[in-house]
Each structure stands twice: as C-alpha cells, then as structure tokens.
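A short worksheet on the structure shown next.
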Amino acid sequence: MIFRFKQRFIKHSTSRDMTEGNPVKLIFSFAIPVLLGNIVQNFYSMADSIIVGRILGTDALAAVGNTGPFTFLVLGFVFGLTSGFAVLTAQAYGSKDAVRLKNSVAMNIILNLIAAVVFTAVAIGTAKPLLVLVNTPESVLQSSLTYITIIYAGIGATILYNWAACTLRAVGDSRTPLYFLIFSSVLNIVLDIVLIKFANWGIAGAAAATVFAQALAGILSLVVMWKKYPELHVKKQNFAWNIDFASQHLKIGAPMAFQFSITAIGTIVLQGALNLFGPNPMAAYAAANKVEQLIAVAAGSFGVVMANYAGQNYGAGRIDRIKKGTRAGALLTVGFSLLSMAIGFLFPDYLTGLFMETGSASYSEIMNLSRQYLQLTCVFYPALFLIFIYRNVLQSIGKTFWPLMGGVFELITRTLCAFTLPAILDFAGICLAGPAAWFSAAIPLFIAYQAIIRRLLTPTEIANQK
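Numbered by this note's numbering, the letters in the sequence shown go through residues 63 to 528 in order.
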C-alpha cells in the first residue's frame, strides 16, 4: 500500500509551467483540481453545519453561523498572507531562478511561523468581546465562544495547510492539495458524527474535527511536497534573514491579508444587524450562506488559478500572456457564475433543507428566509465572480493598492447597507447588502486592471494583440 501511495502521489506528480501553451487550456485544466478541492472543502464545512443543525438544533446552527464572520476575519487574513507570500514563489518559479525560489520558500516558513503564534494569541484573547459586540443572543453566546475558541486554537494547522497548498500551486501542482483535501474532508465528516453524536462533545466536537482534519491535510501535503519537489528543498543558508526580501513578501502578502479582513469587518457589521432579528433568521442566514459558498465555489477557484497563472507569467516577463489569460479566465468564470445562478434560483429548498429536521418548529420560517436570501443574491453572481479574477491578477503582479481599495469599497457599502436597508426592507435588506458590496468592488477593480495592464504592455505586444 505504501509503495502504491508513493507511485500515485509522489513519483508521477509534476509541476506545471504556465508560461507556455494555450492560456485557455492551461487555466481550465489547472482550475479543475482547484475547483474540486474547493467543492470538497466547502462540502465538509457545509457538513459541519448540517450535522450540527440536525443533531444539536437551531440554536447550535445559529451559533456556528454567528462565528462565520469572525473566522473569516482571522482565517481570511491568514489565507491572504499565505497566498500573498506564495506570489513571489510563483514568480521565482516562472523566472527559473532556483536560488530565489528556495529563499522564498524559506522566508515563507519564517513569516508563517511568526503569524501562527501572533494570530492564535490575539484571536483567542479577543473572541468573547467581539461576540458580545455584535449583539450575540445569550442563548447562543457560550456555544459560539466554545466553537470559535477551538477553531482559533487550530490557526497553526490552517496556516500549515494553506502554505503547503499555495506553494504547490505556485509551481503548477493543483492536484496534490486536492488529494489530501478530499481525504481530510471525509475524515472531518466521520469525526463530526463520532464526536458530536457518539462522544457527546456537542458543538466543540464539530470544531475539533475541523482542526484535526486540516492539520492532517497540511502534514501530508508537506510530506509529499518534500518528496516530489527537490527544487523546493531548503537548507540552512536559505533561512538567512534578509529584511529586504521579507519586505517584498510582506508588500504583497499584507495587502492581500488586509483585503480579506476588511471584507470580513463588513460581514461582522452585517452580522450585528442580523443578530437583532433573533436565532431563527440567524440560522436561516447561516444555512443559506453555506449553500452560497458551495454553489459559488468556482469564483474563488478561478481566482486561485489566475493568481498562479499571472504570477508565473509576470516572473517570465510575459505581460501579453497575462492579458490573454485574464480575458479567458473572465469568460470562463462568468459562464460558471450563470450555472451557479441557476442552481441558487431553482433549487434553494433542496439545499437549505439539508440543515434542518422537517418536523422542527422553526423549519418553515428558516426555509422561507433562506430561500429569500439565495434567490435575491444569486442573480448578482457575475459581479462576485469577476471580483476574484481581477483582484487576484492585480495582486499576483504586485499591484496591491486597488485590490485593497476594493475591500475598502466593500466594507463601506456593506456597512451602509447594514445600517439602512434592514430598517426599510427587513430581512431582504440583509440579503441585498452582499450584492451591493460586490458591485462596489468589481467596477473599480475592472477599471484599474485595464489601466494597469495597458501601461505594462510594450508597444510590440499591443500591436500583436490588435
């Protein structure tokens, strides 16, 4: 069995150079494993909520949903950092600079270790005050705190997996993270059932299962990365501290991290407005939001693909290929957004009905509210999907200002909507805050991309594209 494992996952897996070949085929083929991985990841996140809602009830489901914006705030920041740090790794790989590639891997390790210690301490210390700040009902406060504290304690595991996955994708391997993500997802679901239903750990069991499964996925990804990619092997000299090189990583990673966190702050403000409606609307929003993350999963998937595609080609000096690839990525992602829109509009009850027992007293209200959320928001998915294309391309070529400003525009718009629309439109006002924020980010990002890519193209490249 061990021999077969090595043959399947180590010997025959290779990196991918995205600086040559048809951009459409490269992007699509690279996107499929990333998309499958994100579907699996969202499925097991969704499974957490389904198991919690069906076994522990409405209040427990509301508690998990209530922690969503806060986990997005911290884990989104972490994801932004690890993704940003890997941009330089992708650029080094694209430029065929072996020494810089190893130095980038080593710098990532140093910076991510520091981030793991700092964010774990800060996140756990601020968890309860923030939950109180957003009007968390007393009936779900303790459950929310228990769940989020365990998730925060596993920040190191999240960083480990994200770093390993981002590094592998930076060298063109989108399959290895998928394999271990599938394995960890199945493990997570099994542990959910065992710890919640049989061990009676309650909501703590759901959080513990998530942390353990992600830690294992990170460890396995790291082992295989070491076995099959000698170009990523680092030695003592690669860890020599260089403040300028660290600054280059932070210059890209920090704005990406802040962009995620700025967006998360907007969702926290919106959560505060939602919590005033009580546990049932909170549970409905949590269920619908989990469904949305699943059916709109292609948005983030194509964003990941474009970050690595543009990063490699920027390192190789192929600005013309970046433009061609971005156009292809935008067309592909709009196509997927229309598919997601159809699913959200036509089948909301089939999906959100998974979260609740049909005989529960709150079933009818939660179903009606979650249906309202999905059918109102899904028609605006093209704007959401395009955000990920232009944001990730700009970030991967080192143009981080406008992606950061896109997050600021989202924060301002979502905050204004949270303080105005619910009073006018009731729960529908909560639903429409997201689409309004998407448009406020998508439009300036598109304009910024067009202006920046035009400046980077040489006269010859412009002439060849006409």
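Note that CB positions come from ideal geometry on N, CA and C, so glycine has one too.
query: Nearest to L416 (by Cα), restricted to the options R116, D79, M80; result: R116
query: L487 - containing alpha helix (DSSP H), residue span; result: 463 to 487
query: Endpoints, the alpha helix (DSSP H) within which Q299 is located; result: That residue, Q299, is in no alpha helix (DSSP H); it is neither H nor E in DSSP.
query: The segment 215 to 223 / the segment 273 to 280 touching (three or more Cβ pairs under 8 Å); result: yes
query: Top-ranked residue by Cα proximity to V233, from T477, Y291, G328, A335; result: Y291
query: Buried or exposed (CB count within 10 angstroms, at least 16 for buried), A154; result: buried
query: Boundaries of the alpha helix (DSSP H) in which G119 is found, first to last residue; result: Note, G119: premise wrong, no alpha helix (DSSP H); not H, not E.
query: Three-state class that DSSP yields for V233 in the structure shown; result: coil
query: Exposure of W303, with buried meaning 16 or more beta-carbon neighbours within 10 Å; result: exposed
query: Where the alpha helix (DSSP H) through S283 begins and ends; result: 265 to 290
query: Rounded separation between L282 and V248 - CA only; result: 15 Å
query: Proximity of N197 and N300 at Cβ, strictly below 9 Å; result: no
query: Check whether Y511 and Y443 have beta carbons under 9 Å apart; result: no
query: For K313, the three-state DSSP class (helix, strand or coil); result: helix
query: For V140, the nearest candidate out of N128, V180, A404 (CA to CA); result: V180
query: Proximity to I94 [Cα-Cα], best of I176, L143, D235, I172; result: D235
query: Through-space distance from L483 to R70, alpha-carbon basis; result: Below a pLDDT of 50, predicted positions are generally treated as unreliable, and R70, at 42, falls in that range; no measurement from the model is reported.
query: Rounded distance between the beta-carbons of L431 and P343, thought under 8 Å; result: 6 Å
query: Alpha-carbon spacing of G138 relative to C228, whole angstroms; result: 14 Å
query: Three-state secondary structure (DSSP) of R380; result: coil
query: Counted within 10 angstroms of its Cβ, other Cβ atoms place G83 as buried (16 or more) or exposed; result: exposed
query: Alpha-carbon spacing of M318 relative to K259, whole angstroms; result: 39 Å
query: Span of the alpha helix (DSSP H), counted from its first residue to its last, around T439; result: 425 to 439
query: Under 9 Å between C-beta atoms of G397 and N454; result: no
query: A485 CB to nearest heavy atom of the ligand PLP below 8 Å; result: Within the structure as shown, the ligand PLP is missing, as the structure has no ligands at all.
query: For W500 and M80, the rounded distance between their alpha carbons; result: 29 Å
query: Separation of D488 from F242, as counted between CA atoms; result: 43 Å
query: M80 - DSSP class collapsed to helix/strand/coil; result: coil
query: CA-to-CA distance, W464 to I514, given in whole angstroms; result: 10 Å
query: Sequence-distant residues of its chain with Cβ nearer than 7 Å to I210 (five each side left out); result: T129, F132, T133, A189
query: Range covered by the alpha helix (DSSP H) that runs through G187; result: 160 to 195
query: Per-residue burial, E419 [other beta carbons within 10 Å of its own, 16 or more giving buried]; result: exposed
query: The alpha helix (DSSP H) enclosing S201, as first and last residue numbers; result: 200 to 215
query: Rounded distance between the beta-carbons of A361 and F450, thought under 8 Å; result: 5 Å
query: Element boundaries [alpha helix (DSSP H), containing K352]; result: 341 to 357
query: N262 (DSSP reduced to helix, strand or coil); result: coil
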